[in-house]
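Novice: This structure is in structure tokens; I'll ask about it shortly.
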Amino acid sequence: MVETKSYAKAIEDFDRAIQLEPRNSQTYFQRAQARERDNQRDKAIADYRLALARDQNNAEARKALARPDG
């Protein structure tokens, strides 16, 4: 979904997935990526943090937060 640049739809889909499985770190990470591509950087940062809170070994989320704008 994210690859099609339909970011708003992807975010909605990730919202539903999170409701079904709120402990899934990867879903928060994927929603963060969609939000970032949709120019919602503040919300993306919050999602990266949520992903990391659910899985401290989520290297992708940690890397995203380590960027200068993170």
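Oh and the sequence shown: position 38 is 33 in the working numbering, straight run, nothing missing. Where a beta carbon is used, it is the ideal one built from N, C-alpha and C, also for glycine.
1. Roughly how far, in whole angstroms, is the beta-carbon of Leu45 from the beta-carbon of Leu60, given that I think they are within contact range, below 8 Å?
2. When burial is assigned at 16 or more other CB atoms within 10 Å of the CB, is Asn25 buried or exposed?
3. Identify, in the order they occur along the chain, each residue of the same chain with its Cβ nearer than 8 Å to the Cβ of Ala3, setting aside the five sequence neighbours on each side.
4. Go through the stretch 7 to 59 residue by residue and report every complete run of the alpha helix (DSSP H) that reaches 4 residues or more, in order.
5. Using the Cα positions of Asp37 and Glu16, report the straight-line distance between them to the nearest angstrom.
Specialist: Checking against the coordinates, here is how it stands:
1. Along the sequence shown, read from residue 1 onward, the residue named residue 45 stands at position 50. Along the sequence shown, read from residue 1 onward, the residue named residue 60 stands at position 65. With a Cβ gap of about 11 Å, Leu45 and Leu60 do not count as contacting.
2. In the sequence shown, counting from the first residue as 1, residue 25 sits at position 30. A small fix is needed here, since residue 25 is Gln in this sequence, not Asn. Gln25 is buried by the Cβ-count criterion.
3. For this step, residue 3 is matched to residue 8 along the sequence shown. The residues are Asp33.
4. 20 to 32 and 36 to 49
5. Residue mapping note: residue 37 aligns to position 42 of the sequence shown, counting from 1. Residue mapping note: residue 16 aligns to position 21 of the sequence shown, counting from 1. Computed Cα separation, rounded: 23 Å.
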